[in-house]
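>
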Amino acid sequence: MLTTNGLSGLLDALDASPWGATTGRSARHARSQSGQRQPLYTAEERRRRDASPWTLVQGILAPLQFAVFLVSLGLVMRYLATGEGLAVATASVIVKTVVLYVIMVTGSIWEKVVFGRWLFAPAFYWEDVFSMLVLALHTAYLGTVFFGIGDGQGQMLLALAAYAAYVVNAAQFVLKLRAARRDEASARSSPAGMSAA
1323 MLTTNGLSGL LDALDASPWG ATTGRSARHA RSQSGQRQPL YTAEERRRRD
1373 ASPWTLVQGI LAPLQFAVFL VSLGLVMRYL ATGEGLAVAT ASVIVKTVVL
1423 YVIMVTGSIW EKVVFGRWLF APAFYWEDVF SMLVLALHTA YLGTVFFGIG
1473 DGQGQMLLAL AAYAAYVVNA AQFVLKLRAA RRDEASARSS PAGMSAA
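Residue numbers for the sequence shown follow the working numbering, beginning at 1323 and rising by one.
Structure below.
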């Protein structure tokens, strides 16, 4: 029988993250001991985040990428439903992929400025891991188009797989943004947070 201790041992053996707290498992145990989870940003990281122009760049590119995604998704779905508009759908996925590359490069610069790492900072470890899958799927799509691999329907189904991964990854970042806002609100409302601010 798999008990809680047995399950914890199994998770410890399978956990490839070098920062256990980012998996949620260790943070949950730490929270039960201390009664509180660690904030997403330290005071210094928050200061660097707020001072960085890359924060604004990310704030502009993220909704832009989502808008491009929505338009492209509509075009891809139209092609899959009707068989018409392959060239326009293909162009839209290429534009979406270019925007993804731009946001990944600028996001990596932002992460370096704020956390001192180009990628896989503990606070965004799992988001970055999943971002690699998103990049791989979008890049695979480009490969199928540029090397003429498969037919239009197969290429568009690959684009949909890339888009599904993108939606999951975007949700990860939205949840992380909400957690950061909760951290900041609780820091402002606590007596210690008011004196530190």
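Just so it is clear, CB atoms sit at the ideal spot from N, CA and C, and this is done for glycine as well.
Taking the alpha helix (DSSP H) that residue 1530 belongs to, which residues open and close that run?
This structure gives no information on residue 1530, because the portion of the chain shown stretches from 1323 to 1519.
> Taking the beta carbon of residue 1415 as the centre, do at least 16 other beta carbons fall within 10 Å, making it buried, or is it exposed?
Walking along the sequence shown from the start, residue 1415 turns up at place 93. Residue 1415 comes out buried.
> When you compare the CB positions of residue 1487 and residue 1452, do they come within less than 9 Å of one another, or not?
As a first step, residue 1487 must be located in the sequence shown, where it is residue number 165. As a first step, residue 1452 must be located in the sequence shown, where it is residue number 130. In this structure, residue 1452 lies closer than 9 Å to residue 1487 by Cβ.
> Measuring alpha carbon to alpha carbon, tell me which residue in 1395, 1372, 1404, 1469 is nearest residue 1483.
Start at 1 with the first residue of the sequence shown, and residue 1483 comes out as number 161. Residue 1483 has its Cα closest to that of 1395, out of 1395, 1372, 1404, 1469.
> I'd like to know if residue 1397 contacts chain B, where contact means its C-beta is closer than 9 Å to some C-beta of that chain.
Here chain B cannot be found, since the structure has a single protein chain.
> The alpha helix (DSSP H) that contains residue 1441, what's its start and end?
As a working mapping, residue 1441 is identified with position 119 in the sequence shown. Premise fails: residue 1441 is in no alpha helix (DSSP H) and is neither H nor E.
> How close, in whole Å, do the beta carbons of residue 1370 and residue 1435 come, if the pair is a contact with beta carbons under 8 Å?
Here residue 1370 refers to the residue found at position 48 of the sequence shown. Here residue 1435 refers to the residue found at position 113 of the sequence shown. Confirmed, about 6 Å.
> For the alpha helix (DSSP H) that contains residue 1461, what are its first and last residues?
In the sequence shown, counting from the first residue as 1, residue 1461 sits at position 139. Residue 1461 -> alpha helix (DSSP H) spans 1447 to 1468.
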